[in-house]
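For the sequence shown, UniProt numbering gives the first residue as 1, with consecutive numbering after it. Each residue gets a CB set at the ideal place from its N, CA and C atoms; glycine is no exception.
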Amino acid sequence: MTTPDDPTAAPTPAPTPAQLARWLRAANDIAAQALAQGHHPFGALLIGPDGETVLLTQGNVDSVNHAEAVLAREAARRFDAHTLWRSTLVTTVEPCCMCAGTQYWAHIGRLVYGMSEARLLHLTGNHAENPTLDLPCRDVFARGQKAIGVWGPVPEVEDEIAALHRDFWRLR
């Protein structure tokens with residue numbers, strides 16, 4: 001598989017459990033802000049290659065401008081592929097196929113998500129504003145030519161993320 005990476009450079013270490021929880025709680029705070037602004041409760045952030053620096057944050061905008069896709073497009077505009085390949089997109093819910101594809105084309109080499117798309121479907125049901133596709137992001141990435149690292153779902157924070165969605169979709 002090809003990557004936008006320099007093959008002689010050292011890879012970014014895998015995230016620790018503490019990093020996963022910290023990053024996902026920060027993304028969930030962004031989702032809560034999106035919810036407070038009247039948007040769907042999804043949040044994303046981009047962690048730099050050092051595993052600590054937050055390069056970008058993004059809440060959900062609308063049914064077409066998902067937090068992950070908007071973030072990935074902006075990241076591709078601001079940063080070079082070498083930096084993005086070592087960066088991590090962190091999002092509250094597993095990216096849909098549109099968002100996974102946008103991440104792939106933006107050359108963001110790693111993904112962390114807290115709750116699966118399947119669990120989101122369980123919470124939203126057949127909601128007209130979120131007609132969830134049954135297409136896991138790992139399946140989308142597996143069809144590409146780059147090996148995107150994926151961590152998720154993360155049980156430690158999954159219920160915290162689901163809490164924002166339970167009432168939102170039921171009352172909407």
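Could you name the residues of the same chain whose beta carbon sits closer than 6 Å to that of residue i, not counting the 5 residues immediately before and after it, in chain order?
| i | result |
| --- | --- |
| residue 161 | 28, 92, 114 and 115 |
| residue 12 | 49 and 86 |
| residue 21 | 156 and 157 |
Beta-carbon separation of residue i and residue j under 8 Å?
| i | j | result |
| --- | --- | --- |
| residue 111 | residue 59 | no |
| residue 76 | residue 106 | yes |
| residue 51 | residue 15 | yes |
| residue 108 | residue 84 | yes |
| residue 72 | residue 53 | no |
| residue 32 | residue 164 | yes |
| residue 70 | residue 23 | no |
Could you check how far apart the C-beta atoms of residue i and residue j are, in whole angstroms? I think they sit under 8 Å.
| i | j | result |
| --- | --- | --- |
| residue 169 | residue 124 | 5 Å |
| residue 55 | residue 46 | 4 Å |
| residue 153 | residue 94 | 7 Å |
For residue i, collect the residues of the same chain with a Cβ closer than 7 Å to its Cβ; drop the 5 residues on either side in sequence, then sort them by chain order.
| i | result |
| --- | --- |
| residue 200 | The requested residue 200 does not occur in the structure, where the chain is confined to residues 1 to 172. |
| residue 19 | 51 |
| residue 61 | 39 and 70 |
Just the Cα atoms here: how many angstroms apart are residue i and residue j?
| i | j | result |
| --- | --- | --- |
| residue 68 | residue 171 | 24 Å |
| residue 30 | residue 42 | 7 Å |
| residue 65 | residue 81 | 22 Å |
| residue 140 | residue 39 | 26 Å |
| residue 122 | residue 25 | 21 Å |
| residue 167 | residue 57 | 24 Å |
| residue 96 | residue 143 | 15 Å |
| residue 147 | residue 37 | 36 Å |
| residue 151 | residue 127 | 27 Å |
| residue 118 | residue 137 | 11 Å |
| residue 159 | residue 104 | 27 Å |
| residue 44 | residue 98 | 15 Å |
Residues in its own chain within less than 8 Å of residue i by CB, not counting five upstream and five downstream?
| i | result |
| --- | --- |
| residue 79 | 55 and 87 |
Counting only beta-carbon separations shorter than 8 Å, does residue i have a partner in chain B?
| i | result |
| --- | --- |
| residue 50 | Absent here is chain B; the protein component of the structure consists of one chain. |
Quick check: is any heavy atom of the ligand FAD less than 7 Å from the C-beta of residue i?
| i | result |
| --- | --- |
| residue 134 | You won't find the ligand FAD in this model; it holds no ligand whatsoever. |
Complete runs of the beta strand (DSSP E) confined to the stretch 43-115 [at least 3 residues]: Runs of the beta strand (DSSP E) inside the stretch 43-115: 43-47, 54-59, 88-93 and 110-115.
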